[in-house]
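In terms of this note's numbering, the sequence shown has 160 at position 174, counting the first letter as 1, and numbering is strictly consecutive. Quick reminder that beta carbons are idealized off the backbone N, C-alpha and C, glycines included. It should be emphasised that the depicted structure is a prediction, and the values quoted were computed from it without experimental measurement.
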Amino acid sequence: MAAYFNFPEIFVPPFLPLAPPAGVEYHFCMKIVVYQPVNAAWKNALSRLAADFPAHEIIWGKEQAEEHLASAEVVLCTSFSEEQLQQARSLKMLLVSITGVDHLPLAQLKQRGVRLANTHGNARYVAEHTAALILGYFGRIAPFHNNLASENKWHGFWVGKGLDDSWQSLHGKTVSIIGAGAIGGWIARFLRPFGMRVTGCRRSIPAVLPEEYDSMTASLTEAVDEGDIVVIVLPSTPETRGLFDSSLLKRMKGKVLVNVGRGNIIDEKALYEGLLEGSPAAAVLDAWWKYPPSGETEGPPSAYSIHTLPNVLASPHIAGFVEQAVNANIEQACAAVREYLEDGNPRNEVDLSRGY
């Protein structure tokens, strides 16, 4: 006779006897290791998971995770190196509690036959920040504030300036969303009420047009040509890296380019040169080409100092960094574990060949 119990490092069922009754053997079905820092929200979600699945061992805590990595069949993490993958000899399922997976050893995961799933709990929050950036740029919020706060300098009607010194409304403009997935859908929902026309661009066109869009196309150039504002919400894959090259940027004369995807989707040098020439007219960027080394808080985000140009609004890749998004990703990650344990099919499984 077998009985199944869960022994996570900080969760011990109060009903567990010190030794099994005669004829009863305790054993686990599957070992799940949480290979990342665990806060209170994580502990709450994992404790619920442990209580619902007592047949499986759920382990967290840095030392414990290191100790059990080699025998883990499921790993929850935000990053996972090729070296760690080699250590995880029993790994069958890798679940990341973030959306981007371009930093993971995808080719090695595929070669090993390890499945991968991500989370999309940050979608509406990335979209919210994207909308805020667009409103901030067209509303000239940063320059108006900086001029008034540091120079007592006024603008517009109150100092006899003409409409060339006004802000711009989004009403009547067209926004093209390149990457009409979960984040793109929320961006459309937030911007459309301003009286904007919303065009989505994606590889496969759904049979029924989602209600948040006015149109959908599979043609990148068509979407770029149509939009007054072009928003990039693409993952970094071999197909998307450098996608916005000089030839595509030259089509953006007078347009505003927004990137909340990955920096390397845009050719950095081509964007710098294009911004100097007005093609695009401006850029609103949350994703960059360079980041500070681990543990440091300063460093230029561009080799060409794109962030210092007057027609650029810069954000430090923070669109998804908000408490609600972090908590939503935790819940989605634990829900994916639950689904994997129940039927082997977690939500948001990544196509390792495509990288998303």
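Beta-carbon proximity of residue i to residue j, cut-off 8 Å
i           : j           : result
residue 314 : residue 108 : yes
residue 60  : residue 277 : no
residue 184 : residue 336 : no
residue 15  : residue 42  : yes
residue 64  : residue 33  : no
residue 211 : residue 231 : no
residue 213 : residue 181 : no
residue 163 : residue 186 : yes
residue 58  : residue 74  : yes
With 16 other Cβ atoms within 10 Å as the buried cut-off, status of residue i
i           : result
residue 144 : exposed
residue 222 : buried
residue -4  : Unreliable placement is indicated for residue -4, whose pLDDT of 37 sits below 50; the coordinate value is still reported in the next sentence. Under this definition residue -4 is an exposed residue.
residue 139 : exposed
residue 316 : buried
residue 334 : buried
residue 85  : buried
residue 280 : exposed
residue 39  : buried
Assigned secondary structure, residue i (DSSP; H/G/I helix, E/B strand, else coil)
i           : result
residue 104 : coil
residue 252 : strand
residue 119 : helix
Residue-chain proximity (residue i, chain D), Cβ-Cβ < 8 Å
i           : result
residue 190 : No chain D appears in the structure shown, which is made up of a single protein chain.
Close-in-space but distant-in-sequence residues of the same chain around residue i (CB under 7 Å, 5 per side omitted)
i           : result
residue 305 : 112, 115, 116, 246 and 272
residue 299 : 119, 122, 123, 128 and 270
residue 319 : 62, 81, 83 and 105
residue 178 : 184 and 198
residue 142 : 151 and 152
Beta-carbon proximity list for residue i, same chain, < 8 Å, skipping 5 on both sides
i           : result
residue 239 : 264, 265, 266 and 267
residue 131 : none
Own chain residues within Cβ distance below 6 Å of residue i, not counting five before or after
i           : result
residue 249 : 273, 274 and 275
residue 328 : none
Inset, instruction - Would you check if the segment 185 to 198 and the segment 160 to 176 touch, i.e. whether three or more CB-CB distances between them fall below 8 Å? - result: yes
Inset, instruction - For the segment 15 to 25 and the segment 37 to 49, state whether three or more C-beta atom pairs, one from each stretch, are separated by less than 8 Å. - result: Flag = yes, the segment 15 to 25 and the segment 37 to 49 touch.
Legend entry - At least three beta-carbon pairs within less than 8 Å, the segment 118 to 138 to the segment 96 to 107: no
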